[in-house]
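There are 2 protein chains.
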Amino acid sequence: MAEHIVKFDIAPKAVRVPTGTLLAEAAHQAGVTIQQPCGGQGRCGRCVVLVQSGTVRRRSTLRLSSADVESGYALACQTVVEGDVSVVVPPQEKIERRLTTDRTAAEIEPPAGYNPDHLQTIRRVALTLPTPTLDDQTDDWSRFQKTLRLERGHPEVKASLRQLRQLGQTLRDGDWRVTAILDTETGDESARLIAVHPGHIPDHAPVWGVAIDIGTTTVTLYLVDLFTGRVQTQVAEYNGQIARGEDVISRIIYSGKNGGGIEMRDLVLGTINELVSEACQRTQIQADEIVKATIAGNSTMIHLLLGIPALSIRLSPFVTAINQIPTLPAQEVGLNIHPDAVVDCLPGVASYVGSDISAGVLSSGLDNTDKISLFIDVGTNGEIVFGNNEWLVACACSAGPAFEGSGVVDGMRATKGAIEEVWINQATYEPTYRVIGGGKPRGICGSGLIALLAEMFLTGVIDKSGNVNLTLSTTRVRTGDHGPEYVIAWANETALGRDIVISHVDIDNLLRAKAAIYAGYTVLAESVGIPLEAVEQFLVGGSFGKYINVEKAVEIGLLPDLPWENFHFLGNTAARGAYLALLDREARARIQDIAARMTYIELSADNLFYEAFTSALFLPHTDLSRFPTVQTAINV
Amino acid sequence: MAEHIVKFDIAPKAVRVPTGTLLAEAAHQAGVTIQQPCGGQGRCGRCVVLVQSGTVRRRSTLRLSSADVESGYALACQTVVEGDVSVVVPPQEKIERRLTTDRTAAEIEPPAGYNPDHLQTIRRVALTLPTPTLDDQTDDWSRFQKTLRLERGHPEVKASLRQLRQLGQTLRDGDWRVTAILDTETGDESARLIAVHPGHIPDHAPVWGVAIDIGTTTVTLYLVDLFTGRVQTQVAEYNGQIARGEDVISRIIYSGKNGGGIEMRDLVLGTINELVSEACQRTQIQADEIVKATIAGNSTMIHLLLGIPALSIRLSPFVTAINQIPTLPAQEVGLNIHPDAVVDCLPGVASYVGSDISAGVLSSGLDNTDKISLFIDVGTNGEIVFGNNEWLVACACSAGPAFEGSGVVDGMRATKGAIEEVWINQATYEPTYRVIGGGKPRGICGSGLIALLAEMFLTGVIDKSGNVNLTLSTTRVRTGDHGPEYVIAWANETALGRDIVISHVDIDNLLRAKAAIYAGYTVLAESVGIPLEAVEQFLVGGSFGKYINVEKAVEIGLLPDLPWENFHFLGNTAARGAYLALLDREARARIQDIAARMTYIELSADNLFYEAFTSALFLPHTDLSRFPTVQTAINV
């Protein structure tokens, strides 16, 4: 067998290994320590290295983007040597940063062949008006309209009173040469005037828009050059409403109190306007250069943003005040961008299937594929869409925020200090864990909880009902304040100065959450008479989905047992859908179409749901035949 | 000759007079004093009596409405006995009131056969929505739209964010039975939601609108039941902007100063909102029951109302910022009526031919007649329209406010204390005058100035150039502070405690004003090649026009020398035009059409104008052949 020379940048000398040797093994031989908390399963991404030259073969690229692979990154535990190679081992903190930084933004690229002339509703037109004379006393506004009609063929232009007030001065400041920004949302037949600038602005100057995803937990904003489609910057911040409730239900209740609706509106506007300000500062532009905004969010978020009472959303029969919001000027909404900017709150479907889902479905491509697909957005709620280019059914599972760390004593959001992955030694029951940002843990986030649940189940720390096995010969299992519990980190290892544990109550909450989601799949599948096994692709959206470990999620029965390659993790599909709608009138029309043809199935009205829920309260499920790979794993 | 018995209610016994005897003469015989300040010419209206029974023939009914005549009123100096008659002589103060009260309002009647279903853009529809259930989770707004579409066939309905915020609660308050107020301005294809009320409102309950005329001097408002067309109340008040300038030019200048535009806007809004409040109080309704407003006004007034800079109006080439204002929600305009009420500022033509004129032309019917017609609105400016149903030309004469009492030392507006009519005794040069509201005079208003000028000219107090003849044997002519002058009232007769006079300077100003207007007719007539003598009807609009004395106005050359019956005094044509547009979408379309097809002739660019102006600076005109009846009067 051929041998190859492998050189690691931080090792004093190269090693010689046969073809097919794992880079991890070669590193070991060279005396280089590469972290492998997942035990070399290619799942944690901690063993990433940079192959500078030479031939390798990647068995798996999980946690690597295609850009990473192109740049030469490889997982040491999943990559074999096939020639002489030179490898750089990045410093640990750089890996940490890479793993914990949201890579979605960098990956957002304008749609292939993006043609703003055809797809963008915003137009920028340079106009030269004939100068008024005593023989031509046409009023300013008619003069402007006429020039626009003659030069650009927009037969009808509408303007706000604000624009009409400013027009005369602008025309004279520009000596009758001006540049107009128009919105042609309804087609070139009619246009809405957003702004007029004196003089002719060069074609290469950008015109800005923002795509906003209002999550219950996090608000994300992309600042986008509307004509190139480039995402100039991406910013995100916790939704300021968190202070008044973690989930939509508590926020609806709060908003119904005296003055609560106004406060909720102000809080989320505060968050958005801060993000606008930050994005502008980064890009060195003025906020009033932003002339268009698309907004995705669940129905409660959109109602609260617009100051529309949301109370009916939480009371049977669970109806929204409005799903199809007309476009509104920014000033009316309260966004600190150009006051006449077009704000397009994307259309939602139902009380618990909002525009985050319709935009997410667009972004996922589910509505455009022949393949039978499942789409799930696991955020503070779990919304599921089943379908393809011919039909769409959707439901929302009141999963609760357990997987966002709420309802679990040591649960927390996926931020610095959160345990995001856990492995338990089958023999000793001792855990290994990875903390976001490194350092001492403060709690466990969603992906950590999934991994923990799976590992506890597979190692027998808990049984299929979630009961902790107190008979194990380890101090990690014990009876605590909340009943039986498992200790993930001892007090001296944590940033809290106390043990981080998962109790039987926490486990119950997690089981209920995952059971609700699995029951959702089941009901949707039964509603259309297509078994889950027939699902050809499983599309996972939502920021939570980005770091989910498929194997573990299948092991606990949160995801159905499908081949790994059928799972696609899409990041923030709602934000990306809003971005596409911002750029592309056809994408916007598709969201409309998605919202219109999606059949919403109300689970609370469905006895089938309760049955499915009850059956799914086990690990991974009462009916183990639904999880053949888990069955195999247990038997091993 | 037959004799008849005439009985006056205030005379002890009846008199016997032959057929054809004037009632005034019969009264004299019966010992009844009837005031005849105009000398029995049938012009002052002071000798009005009520014929309770019997046959009379009215030679003239000037200053009587058709309703008056129907009620039996007659001018004693113009009415002859043709049978036994019984006459009531009204107390003098009752006559004063009748003469000085604006009778226009009472005369405004809905257009014959007014059919709101066809003509009114506002619709009130009672809707019963299906109650939402778990099987029908349609959102409130879609549910509302769908019901509206099914029941009324409005395919597209738009709503403000304000309406969307309120809808859900209103639907539930009304237990899914609501009454919607819609505007269908653009036809039944699309509608704009103005308001939704819980429950079903009975059909007979009125829906209110306001028609507003913003005059430079006076703002007039009619509160109108939109479905019956009835004018419920009419209110008027001085335009609050007067404090910042009497004419449009001074207001434009003021508005261009720092903060001046905002102040001007607030001032006129203050006036309008006060009028709204007064009209509502009188009618015992709430301001937000008013759901539609139409507004007429000259272009400066409309610009200032909307906060649109008006500076370009007064600078060559005299263009407005906008003539065709889109409809706006009341809140954006600042009107204190329903915030989503439709505010329709009617379309104007040019800087000095505003929507008061396009609405006035509609009201006058000029655009609809075969007859060659002249229309004039003498307000603070004098705008003239020449034309018929086939063509329309218009101009504005910078007449200045002399006929509104400004630019004349003892000039004043037509309010209490103003001398509104003057007669001068040919032999003694002693004047007789009538004061609005009775009592001592404070000054002279427009109609008084016209009468005064005519009387001075006819009696030789002034010559045809306006020079005072100081050689007359009367103390009434003298040289005062401003040069030669004529004393109309001695100090002890006046409320001022000083003499009320007209000086040579005042006379010059009046001559310039009337010459500007006459030059306007001339230029318009020449522009279309039709002589003034061919004018078949002369339509006089504007509140000033209401009390104008045709004979006097012809004598000074302010009106052309046409047969009396060709003159029609129409009162506030701008307000009436706004009223018609408020009721009737076809009338509104006609105003649009009038504005579009009216050719504006800019006098300041016209040498012909200066010639015509110079020729008209004489009484009545350099070319006396243009005024044959005046020529006759002088020769008599």
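Order-wise, the sequence lines are chains Z and C.
Per numbering that gives the first Met the number 0, numbering through the first sequence is continuous, rising by one, with the last residue being 635.
Per numbering that gives the first Met the number 0, numbering through the second sequence is continuous, rising by one, with the last residue being 635.
Glycine included, every Cβ here is placed at the ideal spot set by N, Cα and C.
Here the structure is a predicted model, which means the values were calculated and not measured.
Residues bridged to residue i (per DSSP)
i, result
"Z/R176", "Z/T127"
"Z/F374", "Z/V384 and Z/L538"
"Z/D369", "The partner list for Z/D369 (beta bridge, DSSP) is empty, contrary to what the question assumes."
"Z/R171", "Z/R171 pairs with nothing; no bridge assigned."
"C/L391", "C/G386 and C/M597"
"Z/Y432", "Z/V421"
"C/T132", "C/D135"
"C/V84", "C/V5"
Cβ-based burial, residue i [other Cβ within 10 Å; buried from 16]
i, result
"C/G570", "buried"
"Z/A595", "exposed"
"C/Q233", "buried"
"Z/H302", "buried"
"C/T99", "The predicted position of C/T99 is uncertain, since its pLDDT is 37 and thus under 50; a value taken from the coordinates is nonetheless stated next. Under this definition C/T99 is a buried residue."
"Z/T130", "exposed"
"Z/A105", "Per-residue confidence for Z/A105 stands at a pLDDT of 47, beneath the threshold of 50, marking its modelled position as unreliable; no derived number is given."
"C/Q425", "exposed"
"Z/Q285", "exposed"
"C/D369", "exposed"
"Z/Q77", "buried"
"C/R96", "In this prediction, C/R96 scores a pLDDT of 43, lower than 50, which makes its location untrustworthy; no coordinate-derived value is stated."
"Z/I375", "buried"
"Z/V14", "buried"
"C/W563", "exposed"
"Z/A518", "buried"
"C/Q144", "buried"
"Z/L616", "buried"
"C/T103", "Because C/T103 sits at a pLDDT of 42, beneath the cut-off of 50, its placement in the model cannot be relied upon, and the point is left open."
"Z/A56", "For the record, residue 56 of chain Z in the displayed sequence is Arg; it is not Ala. Exposed is the call here."
"Z/S70", "exposed"
Spatially closest choice to residue i from the options, by CA coordinates
i, options, result
"C/H3", "C/L22, C/I9 and C/A10", "C/L22"
"C/T299", "C/V553, C/I356 and C/V247", "C/V247"
"C/D498", "C/V486, C/V504 and C/I324", "C/V486"
"Z/L192", "Z/T215, Z/R161 and Z/V209", "Z/R161"
"Z/S446", "Z/L582, Z/P308 and Z/I547", "Z/I547"
"C/I307", "C/M263, C/Q280 and C/A190", "C/M263"
"Z/L452", "Z/E419, Z/G438, Z/G437 and Z/P90", "Z/E419"
"Z/I211", "Z/R511, Z/R171 and Z/A573", "Z/A573"
"C/T427", "C/A632, C/G416, C/L471 and C/I435", "C/L471"
"C/A180", "C/R164, C/A295, C/A158 and C/T20", "Position check: residue 180 of chain C holds Ile in this sequence, whereas Ala was assumed. With distances taken between Cα atoms, C/I180 lies closest to C/A158."
"Z/S311", "Z/G410, Z/G112, Z/R250 and Z/E81", "Z/R250"
"C/E585", "C/N114, C/G19 and C/V31", "C/N114"
Rounded distance between the beta-carbons of residue j and residue i, thought under 8 Å
i, j, result
"C/E454", "C/W489", "Not quite, the Cβ-Cβ distance comes to about 17 Å (not below 8 Å), so this is no contact."
"Z/Y253", "Z/G244", "5 Å"
"Z/S362", "Z/G576", "4 Å"
"Z/V79", "Z/S52", "About 16 Å separates the two Cβ atoms, so there is no contact after all."
"C/P328", "C/D339", "5 Å"
"C/G228", "C/P109", "3 Å"
"Z/L220", "Z/A278", "6 Å"
Taking only runs of the alpha helix (DSSP H) that begin and end inside the region 563 to 621 of chain C, which ones reach a length of at least 4 residues, in chain order?
Whole alpha helix (DSSP H) segments, 4+ residues: 572 to 582, 584 to 596 and 606 to 614.
Taking only runs of the beta strand (DSSP E) that begin and end inside the region 277 to 346 of chain C, which ones reach a length of at least 3 residues, in chain order?
List check, beta strand (DSSP E) in window: 289 to 296 and 341 to 344.
For the region 206 to 241 of chain Z, which segments carrying the beta strand (DSSP E) assignment without a break, of at least 3 residues, lie completely within its bounds, in sequence order?
Whole beta strand (DSSP E) segments, 3+ residues: 207 to 213, 217 to 224 and 230 to 237.
Where are the alpha helix (DSSP H) runs, 4 residues long or more, that stay fully inside the region 45 to 78 of chain C, in chain order?
If we require 4 residues or more, the alpha helix (DSSP H) runs fully inside the region 45 to 78 of chain C come out as 65 to 70.
Within the region 477 to 515 of chain Z, ranges of the beta strand (DSSP E) (whole runs, at least 3 residues):
Runs found: 482 to 488 and 499 to 502.
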